Each structure stands twice: as C-alpha cells, then as structure tokens.
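Beneath this line is the structure, given in structure tokens, with notes to follow.
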Amino acid sequence: MIEPRFRWIYPDRVPLEDGFLDAVRAHGGSARLARVMAARGIGPDEVEHFFGPALDSLHDPARLPDADRAVERIARARDAGESVLVVGDFDADGLTGLAIMVRGLRTLGIDASPHVPSRLDDGHGLSLRAVELARAAGRRLVITVDTGSSSGAEIAAAGVAGIDVIVTDHHRVPPELPQAVAVVNPHRSDASYPDRRLAGSGVALKIVALLLERLGGIPAELTTSDLADLAMIGTVADVAPVLGENRAIARLGLERIRRDPRPGIAALLAAAGVAAAEATLETVGFALAPRLNAAGRVGDADEAAALLLTDDPAGAAVLAAALDAANLVRRDVSRAALDEARALVDAEGGQSGAAVLVRGPWPIGIIGLVAGRLAEESGLPAVVATRVGEHLRASCRAPAGYDLAAALESCADLLVRHGGHRGAAGFEVEARRWDELAERLSSLLAAAGPRDARRSLALDLALPARSVDYALLRELAALGPTGPGNPDPVIGVHGLTVTRIRAAAGGHAQLTLRREIDVLDGIAFGRGDLVGTVREGDRVDVAARLMSRRFGGYESLQLGVIDVAAARTVDLKPVDMAVGATAAHS
C-alpha cells in the first residue's frame, strides 16, 4: 500500500459570516473561493482590502511606536547638517531595508552612509565596531535597520560617545528596551500598530514614507509605491507572512518590478535569467533573495548593498555578476556542509527525538541554510553551530508549532547573546557550555513542540478528479500573491489511476494520471522516491498544487504533486468541494 509522507489535514466546514459570500462575489469570486478564504481566516472586513487597491491596505506609519520621535531626531539632523550612519543587517531583509533608509535620507539631502556588519566579525545586531566607525567619522546619529532591539550594551556605548541611535526593527523585543532615542518596532508591548507582521524592510519603508511626507512634502503613497520593490524582496526573503499590509507591499513591489525595475534589480534578474515582466514572489524567493544573501554568507555583503543603491545600469551589471558568482560558491559550500552535518548527526547521535543539534567547522554564513534543511528533513527543530574563537555561534530553524525565540529566552543565562523569531533564531554561547545548553534546549523544545512529529499538509480543497479544470485554476489564482501565511493553495485530488511514472533529472518524478475521460500530467519536485513506491495501474489520491504549463504552443493543466496516497473512498459532493471530508490520509 502506498503510504503518504505527510499527514493530510482536510479543511473543516467553516460557516460563512453574513455578507462574506456577497463580498467575494462582488469581486468575481465563487462560493468555493469564499470557503477557501474563510478557512484561511480571512474575515468579511478583509475582503475589500484583499481584492481592492493595494494602497488602501496600508496603515498610518505614525502609529508605529516612537515613529514621531524618530522623525523629529532625523529632522534635527537635517537642519544641523549632521551626517548619519545607517546600519543594516547582512541578510536580504536588512540589505533592502538599508537601501530604503539610505535612499530616503538622501532624498532629503542628508549625508547618509550605509554600513553592513560582518557576519563573522560582528554577528547580528549593532556592533561596537559600527559605533566606533560612527565616532571616528564624526557621525552623531546611527539608524539601525532590521536589527538593534537586543543591542542594549552597544547603544549605551554609543550614548557615552555622544551618538544618538534610532532603532528600526521587527525582531523579538527584550524585557528592557535599549536606551535609544527611538525604538521603532511593532512588536513592542506598548505598540498599537494594526499589523505586527512587517519585516525589517517593511518597518524601514513605513518610517521613510512618514519621513518624506513630513519633511519633504512627498505623499506617503508615492514613496511606498516607489520603494515597495525593495521591501517586497526583504519581506519574502525573511519569510514574513504575505498577509495584511505585507501582502499589499508584495502587490505594489511586484507591480514596480514588472513595470520599471531599478538598475540593481534588473541586473540581478538578468543574472538569474528571469524576465522582469514575469517576476513573481517565487522568483524573489528562489532567484533574487539567495543572490543577495550569498554576498554576506561567503564574502562581503557590501556588494549587495551597493547593488541596491546604484542607479547606474553598467555598474549594476558588474555587481550582479559578482553576486551570482558568490551564489554558486554558496551552493557548493552549503552542499558539502550539509553532507558533513548529516554524517555527524548519525555518528554522534545528535538527533534526540526533540531536536537536531550539531556543531562543526563550517563557514558561519551557511549554518542557517544547513539548519533549515535539517529541520525540513527531520520535522524537528535544528540547531547548527560553528566555532568562533572560544565561542560557538549557532543558527536555529524549526517547523510550525515551535517558538525558538521563547526557548532561547529561557536559556538566556547560558548565552552570550541571542535573538530571532518563532521559526528562525540564533545565539552565541561559550563553547564550554554547549552540552549544558543542548540538554536544556532539547528539554524545552520537547515540552513545547507538537505531539505528532510528522509534518502535516493542509489541504484547501478536496475534490474528485473530474472537477480539476481551468475554472478552478482561475479561482485559486485570485488568492495571489502567495507566500508564507498565504501559501499556494493545495488540493486533494481523488480517484486517479497512474498510467505512467518515471524518474526525472534532479531527483524529481513525472506522472501521467488518468481520470474519467482524459489524463492529467503531474510533476513531483524532489520526490524521486515515488518512482520506487508507485506503480502503473495504482489507484491513487494526490495532494498537489494546480498549475498551467505551455509547451509547443499549447497550454495544459498540470499537477504539482506534493504527496501520493492509495485511493480511498471519500464522499465528495459538489456543494462541499471546499469543505472536504472528515477522513484524512494519515
């Protein structure tokens, strides 16, 4: 019997609130689409924002905590002719946010200098080296982007040196705020901002929009539309939910890139072989973000910052080529490190049943990637550490259901520093305390994590094979742009017969699936294992994403197969297609 890899979660019947169906139909949607949206937690009051103009979904940036104080201090810097050091994190979110902030300040005529910390020498956060650079250059104001909330000691040192600091960030806020002029972070306990899901680049975008409106007379909508491409890249790269204001930023950013990409983005797209007019959030996640991140992982992130700040097409092409080359190196180094980490886990028993913890001699820039793959493969939190002097620096990744940031907070007495989010975090610890930390962290994660370690797969729809058609494809496309928090819809297709299955290059599998009167093509990316378990003639159900492909001038439907299970009898009435069934493949 064909056993599914995932535990399929069928959608529950969700009652539609009054007016919800009418609101969806007013935008050309169907009852089926309305039920999918309701199951995703989209309420009647959100339908207009979901389908309406993206600019209408933006919130007043002045509602961000300390936003007024930040603008006031920057206004004084402009009036006094002060120069500013902008410190952005070295990942794609920090780099794009850095570019947004520097561009905004320069629009106001402020001398703004970008600074990207070294992943190896400085680590995350505002470093003492950055403070010294500002002091030596006579800069009286430092603005952080996508970092700084946990840099209390460094901000205090800046104050002693006569330097003011404005923090713009979206990471977990410590119990005691740093003594900065302003701490603009929507996660502050006293924040009243309507949407806390902004990425670091999104926070930078909001502050710059407010800044240019108040000090430059430029409407916030114009600034947001112009710089949304950068914030969109940062948002996707940081795996922030594509919901609410983030989804509006994504829509505006895609429109900006498709219409008129700035030189740096155009050059990076060209290096990746992607036409700007065809850019999607998937393009951003798999083509742009990795190349921007690669610079800081295997070299100097300054090149990535320069690419995002240049308006010179020729210079952008040179920088994009350098980032493309760095990305190739990053792939090779990551592949080798992942193989070594897997071997160490097997040899040393690094998988406890609660988490995967491993340390090795790997470049600090790629341990987050290794942790992500180990977490994906094991379905457990993964902690990957590398030695830096007498300390270990680690990156942590975890599936849904865990809170890494909270777990690390409970280990704060053992750590030199730490920070992050629920699903991605990092820390530094003295090497001698690794075993003690590993034991406590494993216990915390075992107690707090999901009881079923198998990865679940949520289905938006469950329907008979005959109901898969272009009308369904068009309906589901209305959910875009999709991403974390608003993923590509997954459908359970029941009652198919396998007429062909074969291996495809790259570890994939190709399937031909017969239904009542015709066949559907399927491609299972990364599921070469299906070739050994699925046979021609098998009756199956599949969990898949519905796609369209063009070949030889013809368009056809295709299933992006995620999982396969032996067919089972499920009552799927047409009126209940968006409701699914009570049974589940498990």
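Those letters in the sequence shown? Residues 0 to 585, per numbering that gives the first Met the number 0, in order.
C-beta atoms are modelled at their ideal positions from N, C-alpha and C, and glycine is treated no differently.
Bear in mind the structure is a predicted one, so any value in this text is a computation, not a measurement.
Item checked: Buried versus exposed, by CB contacts within 10 Å (16 or more), L251 -> buried
Notebook entry, point to check: Looking only at DSSP bridge pairs, what is L15 linked to?
Noted result: Per DSSP, none; premise fails for L15.
Checklist line | For L242, three-class secondary structure by DSSP | finding: coil
Margin query: For Y9 and A98, what's the separation of their Cα atoms in angstroms?
Written below: 43 Å
Margin query: Quick check on W433: does DSSP put it in helix, strand or coil?
Written below: helix
Note to self: Measuring straight from C-alpha to C-alpha, what distance separates D194 and E220?
What the structure shows: 18 Å
Notebook entry, point to check: With 16 other CB atoms within 10 Å as the buried threshold, where does G201 fall?
Noted result: buried
Margin query: So for A582, helix, strand or coil by DSSP?
Written below: Since pLDDT at A582 reaches only 43, below the 50 mark, its modelled position is unreliable, and the value read off the structure follows with that caveat. The answer is coil: DSSP assigns A582 none of H, G, I, E or B.
Checklist line | Buried/exposed call for E153, threshold 16 Cβ in 10 Å | finding: buried
Note to self: Helix, strand or coil, according to DSSP, for T413 in the structure here?
What the structure shows: The amino acid occupying residue 413 in the given sequence is Leu; Thr does not appear at that position. Three-state result, L413: helix.
Item checked: Whole-angstrom distance between M546 and L472, CA atom to CA atom -> 7 Å
Check: E281 to G484, Cα distance in whole Å?
Finding: 14 Å
Next item on the list: Report yes if the C-beta distance between A319 and A266 is below 7 Å; otherwise report no.
Entry: yes
Checklist line | Contact with chain E by I217, beta-carbon distance below 7 Å | finding: Protein chains in the displayed structure number just one, and chain E is not present.
Next item on the list: Just mark R105 as buried or exposed, buried being the case when its beta carbon has 16 or more other beta carbons within 10 Å.
Entry: exposed
Margin query: I'd like to check one pair, E71 with L140: are the Cβ atoms closer than 7 Å?
Written below: no
Notebook entry, point to check: Taking buried to mean at least 16 other C-beta atoms within 10 Å of its own C-beta, is K572 buried or exposed?
Noted result: No answer about K572 holds up, because its pLDDT of 46 lies below 50 and its placement is not dependable.
Next item on the list: Pull up the DSSP beta-bridge partners for S126, would you.
Entry: In DSSP, S126 forms no bridge with anything.
Note to self: Rounded to the nearest angstrom, what separates A542 and D17 at their Cα positions?
What the structure shows: 31 Å
Next item on the list: Tell me where the beta strand (DSSP E) around H493 begins and ends.
Entry: 490–503
Item checked: Element boundaries [beta strand (DSSP E), containing F285] -> Run containing F285: none; DSSP gives neither H nor E here.
Check: CA-CA distance, D189 and V317?
Finding: 45 Å
Margin query: Going by DSSP, what residue range makes up the beta strand (DSSP E) through P463?
Written below: 460–463
Check: In its own chain, which residues sit with a C-beta less than 6 Å from the C-beta of P289, not counting the 5 before and 5 after it?
Finding: N326
Check: Can you give the beta carbon distance from A91 to L291, rounded, assuming they're within the 8 Å contact cut?
Finding: 4 Å
Checklist line | Under 7 Å between C-beta atoms of V601 and E535 | finding: The requested residue 601 does not occur in the structure, where the chain is confined to residues 0 to 585.
Item checked: Neighbourhood of T511 by C-beta distance below 7 Å, restricted to the same chain and skipping five residues each side -> T498, R499, V518, D520
Next item on the list: Leaving out five residues on either side along the sequence, give the residues of the same chain with a beta carbon under 7 Å from the beta carbon of A305.
Entry: L318
Item checked: Top-ranked residue by Cα proximity to R39, from L379, D459, E2, A129 -> D459
Check: How far does the beta strand (DSSP E) with G602 in it reach, from first residue to last?
Finding: Outside the shown range of the chain, which is 0 to 585, sits residue 602, and nothing can be said about it.
Notebook entry, point to check: Among residues of its own chain, excluding the 5 on either side of L475, which ones have a beta-carbon nearer than 7 Å to its beta-carbon?
Noted result: P488, L545
Check: What is the DSSP secondary structure of N292, reduced to helix, strand or coil?
Finding: helix
Margin query: For V144 and V85, which I take to be in contact (beta-carbon distance under 8 Å), what is that distance rounded to the nearest angstrom?
Written below: 6 Å
Notebook entry, point to check: If you draw a straight line from the alpha carbon of A353 to that of A129, how long is it in whole angstroms?
Noted result: 38 Å
Next item on the list: Whole angstroms is fine: what's the gap from A61's alpha carbon to I561's?
Entry: 43 Å
Item checked: Counterpart residues of W7 in DSSP-defined beta bridges -> L456
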